[in-house]
Amino acid sequence: MPEQSRSAAAVWSEPGFAAAWAGADPAGEHDLLALPRRIAARLIAAELPAPRVVVDIAAGPGGFLEVLLDAFPGARGIWLDASAPMRELAGERLARFGDRVDFRLGDMVDPAAAGLAEGGADVVLSSRASHHLSGGELRAFYRGAAALLAPGGWFANLDHIGPVDAWDRRYRAVRRAMAPANRQAAPPHHHDYPLAGAAEHLDALRSAGVLDADIAWKAFFTCLFIGRAAPAQPAADPTRPHP
Ligand SMILES: C[S@@+](CC[C@H](N)C(=O)[O-])C[C@H]1O[C@@H](n2cnc3c(N)ncnc32)[C@H](O)[C@@H]1O
């Protein structure tokens, strides 16, 4: 596992930390991510109504994968994460899907090393994990994720970005003021600031081959980056004369 990716993964493998983080994650009406997760599912469904394989990279407790498995009852899910305690939490949360979910422990920057087949996924997801990476590792993450996509497959990453200073201050202040009064604080974990900006994410995703990538939703520091890989080229028609 590369250095930055290893240090990002380490703390999540402590059972107490993983449980405390998941327990503090807002739920119900305070879950701001419910909407972008549904937007991702709707955008995908509009063009690809029956994906067969959905991969969630650094899936944690599995909230994003859960929304997609509900939206696409014919799909199988592949959960990938480096953390064994997160595997336990996801096992509980996703238990109702039975053998539709396959759990793999592995590095988000190298999903092929965890046995995920290139071109084998109709949808690849990730959320709240790639902001731990920057520079070469962020690009490697997008390359590895895009390589999993079948032609015409969809990629969605719902993650935090580093805004420029003035907006960083404004967002922090307003987000704090809008948080529910009794909100449980998530346990702190390491980030390498400044986080990559939205333009860096889009550039890395497009360079990885998802050329039509866009930001479909954004609130404060969090963006839904989404795009579709190019569909397969139609086979050449042997009966058609050369121009
Ligand atoms: C903030 S949690 C987000 C979990 C989930 N995607 C969500 O949005 O609820 C970050 C997740 O990234 C995983 N992670 C961190 N570094 C990783 C790495 N190098 N490879 C695989 N997973 C990693 C952690 O184990 C953790 O589950």
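In terms of the working numbering, the sequence shown has 126 at position 125, counting the first letter as 1, and numbering is strictly consecutive.
Ideal placement from N, C-alpha and C gives every residue a C-beta, glycine not left out.
Own chain, CB closer than 7 Å to residue i, minus 5 neighbours either side, in chain order
i: H31; result: P181
i: P3; result: V110 and E138
i: W22; result: A187 and P188
i: A42; result: V68, L69 and A72
Neighbourhood of residue i by C-beta distance below 6 Å, restricted to the same chain and skipping five residues each side
i: I9; result: Correcting the residue type first, residue 9 is Ala in the shown sequence and not Ile. So the qualifying residues of the chain are H133.
i: S127; result: I58, A59 and N158
i: R38; result: F65 and V68
i: L90; result: A23 and P62
Own chain residues within Cβ distance below 8 Å of residue i, not counting five before or after
i: V175; result: F221
i: P232; result: P152 and G153
i: A46; result: A72 and F73
Nearest-angstrom beta carbon gap, residue j and residue i [assumed within contact, 8 Å]
i: I227; j: A209; result: Not quite, the Cβ-Cβ distance comes to about 13 Å (not below 8 Å), so this is no contact.
i: Y143; j: L206; result: 5 Å
i: L95; j: G61; result: Going by Cβ atoms, the distance from L95 to G61 rounds to 11 Å, so no, they are not a contact pair.
i: L117; j: A83; result: Not confirmed; about 14 Å, so no contact.
i: P52; j: F65; result: With a Cβ gap of about 14 Å, P52 and F65 do not count as contacting.
i: A122; j: L149; result: 4 Å
i: I40; j: W218; result: 5 Å
i: V211; j: A147; result: 6 Å
Boundaries of the alpha helix (DSSP H) in which residue i is found, first to last residue
i: P37; result: A35 to E48
i: G137; result: G136 to A148
i: W22; result: P16 to A25
i: F73; result: Element bounds for F73: n/a, residue is neither H nor E.
i: D166; result: D166 to M179
Start-to-end residues for the beta strand (DSSP E) that takes in residue i
i: S208; result: It is not in any beta strand (DSSP E) - S208 instead sits in the alpha helix (DSSP H) that spans A199 to S208.
i: R229; result: T223 to R229
i: A220; result: D215 to A220
Residue i to residue j span [Cα, whole Å]
i: V124; j: V55; result: 5 Å
i: P86; j: F18; result: 9 Å
i: L225; j: P235; result: 30 Å
i: A28; j: P164; result: 25 Å
i: D108; j: E201; result: 21 Å
i: E119; j: R97; result: 28 Å
i: A113; j: A141; result: 12 Å
i: D166; j: Y194; result: 12 Å
i: L44; j: G145; result: 22 Å
i: W155; j: P16; result: 32 Å
i: G198; j: I162; result: 5 Å
i: V12; j: H192; result: 12 Å
i: D26; j: R7; result: 23 Å
i: S14; j: D238; result: 53 Å
i: L196; j: G92; result: 30 Å
Any non-hydrogen atom of ligand 2 closer than 6 Å to residue i Cβ
i: R129; result: This structure lacks ligand 2; the ligands present are ligand 1.
Subject >> Segment contact flag, the segment 67-83 with the segment 98-107, C-beta cutoff 8 Å, min 3 pairs >> reply: Contact between the segment 67-83 and the segment 98-107 is present, because at least three Cβ pairs lie under 8 Å.
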